[in-house]
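So the structure is just underneath, and the comments pick up after that.
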Amino acid sequence: MGQSPRVWNEFEWTQVEGSLTQDEIGFRIQSHGFRGMTVFFMLISFGFSFAGFTIFFASMSTTGLGGEIFAIPFLVGGAVNFVLFLFMLKGTTTFNMNRQGITLSRTLFGVTKSKTRLVSDLQSIESMVVYRMNKQPRHGVGLKFNNAKPLKFGVTLSSVEQNWMISEMSQFLQR
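First residue of the sequence shown? That's 1 in the UniProt record's numbering, and the numbers climb one at a time after it.
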């Protein structure tokens with residue numbers, strides 16, 4: 001019947017909490033916190049927003065919509081970076097895998113966005129480039145699938161944490 005999950009943190013210093021039963025494995029990655037990358041997104045969002053509002057209000061004194069339209073990309077860029085800043089400060093990433101499906105969810109202030117894939121379509125679990133910053137690859141945990149985009153997460157984790165998660169997921173699938 002219902003087996004209670006074994007909950008563990010492999011490392012004392014980790015942001016990751018794992019849970020495991022016979023039929024399911026899951027990981028919960030806490031928010032990144034107020035660190036260098038968070039400060040970067042905060043400054044970028046404020047910079048874009050300041051530029052956008054400055055252009056918008058300066059152009060209101062002139063006739064026509066040229067300035068207001070020019071300000072829109074700055075305001076959108078500021079809003080996108082502000083959401084990234086909030087996610088890194090307060091967001092949570094949850095990964096769950098059972099024998100049939102895999103779900104990756106990202107939650108910010110109670111709003112959840114999830115992606116689901118079938119285990120039968122899974123090709124591999126590996127360290128994968130999530131994005132590049134200054135031409136340097138930033139790696140995370142990646143799951144490749146047949147006929148679907150890969151699921152990528154955990155870029156803020158150390159390589160030790162990422163390899164531990166990859167190992168646990170691979171062992172779960174072999175049981």
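Cβ coordinates follow ideal geometry from the N, Cα and C atoms, glycine included.
Item                                                                               : Value
Local conformation of F153 per DSSP, three classes                                 : strand
S127, enclosing beta strand (DSSP E) - first and last residue                      : L122 to M133
In DSSP terms, what N96 is bridged to                                              : G26 and T103
Nearest-angstrom Cα separation, counted from G140 out to V16                       : 13 Å
8 Å contact criterion, which L151 and L104 should meet: CB distance rounded        : 5 Å
Pair within 7 Å by beta-carbon distance, I25 and M128                              : no
Minimum C-alpha distance to K149 - residue among S124, R28 and L86                 : S124
Range of the contiguous alpha helix (DSSP H) that encloses Q171                    : S159 to Q174
Pair within 7 Å by beta-carbon distance, G142 and E126                             : yes
Three-state class that DSSP yields for G110 in the structure shown                 : coil
Test item: CB-CB of F153 and T92 under 7 Å                                         : no
Where residue 176 sits in the DSSP three-state scheme                              : The structure shown has nothing for residue 176, since the chain only spans 1 to 175.
Which of helix, strand or coil DSSP assigns to S49                                 : helix
Contact set for L108: own chain, Cβ-Cβ below 7 Å, skip 5 residues either direction : L86, F87, K90 and G91
Distance between V155 and A51 (C-alpha atoms, nearest Å)                           : 29 Å
7 Å Cβ shell around F46 - same chain, five flanking residues per side excluded     : none
G78 in three-state terms, based on DSSP                                            : helix
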